[in-house]
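Peer 1:
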Amino acid sequence: MIQNEVEEFVNLIQAKRKEFDIYKGNIFAKDNTILIIKISRTEKVFYGVCSNILDLLIFGVKIRKIQFGIVLLKNNHEGWFYPENIVIDNIEKNIWKKATDQQYKINNPLDTTLYFNNCIEFKRIFSMYY
């Protein structure tokens, strides 16, 4: 079940739910770009992204079949957007580390240049990459 804030954000940016046989989490599509959308419910923002799906998306990028990004929400309209090139770079540089639970752990400091506090700012950042 999608959290209310994620559902509200998805509606604001006009994304569509995507389901894959291997993963039925918060995956959506916007303008031919796959989005993983996560929300943090802690005072100190913290996110976990399933390594199975993320590694598969990275493989898809490398063979030039897909494009994707990750949205890290603080609430229904505010957060960070990471395009695939920065996601891959953060993983390769071990900034985002895979934990024993097979999730990439994402926490502060997050990139302030990728921060948005409303739907218009999200769309502006998104359009810089896709």
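Per my numbering, residue 18 is the first one in the sequence shown, and the count goes up by one each step. Backbone N, C-alpha and C define an ideal beta-carbon position, used for all residues, glycine too.
Does R58 come out as helix, strand or coil in the three-state DSSP assignment?
Peer 2: coil
Peer 1: Here's a check: name, in chain order, each residue in its chain whose Cβ is nearer than 8 Å to the Cβ of E25, leaving out the five neighbours to either side.
Peer 2: Apart from sequence neighbours up to five positions away, the residues of its chain that approach E25 with a beta-carbon distance below 8 Å are N93, H94, ordered along the chain.
Peer 1: Going by other Cβ atoms of all chains shown within 10 Å of its Cβ, with 16 needed for buried, is F143 buried or exposed?
Peer 2: buried
Peer 1: I83: which of P100, L90, G96, F63 sits nearest, CA to CA?
Peer 2: Ranked by Cα distance from I83, the first of P100, L90, G96, F63 is P100.
Peer 1: Would you call the stretch 129-138 in contact with the stretch 68-81, where contact means no fewer than 3 C-beta pairs closer than 8 Å?
Peer 2: no
Peer 1: Are L52 and F63 close, meaning C-beta to C-beta below 8 Å?
Peer 2: no
Peer 1: How would you call M18, buried or exposed, if buried means at least 16 neighbouring beta carbons within 10 angstroms?
Peer 2: Any answer about M18 is weak, because its pLDDT of 42 lies below 50 and its placement is not dependable; what the coordinates show is given next. Label assigned to M18: exposed.
Peer 1: Using the beta-carbon count (16 or more within 10 Å), is K61 buried or exposed?
Peer 2: exposed
Peer 1: Tell me where the beta strand (DSSP E) around Y146 begins and ends.
Peer 2: Where Y146 is concerned, there is no enclosing beta strand (DSSP E), although the alpha helix (DSSP H) it sits in stretches over 136-146.
Peer 1: Closest to E138 by CA distance: which of L29, D118, V23 is it?
Peer 2: Cα-wise, what sits closest to E138 is L29.
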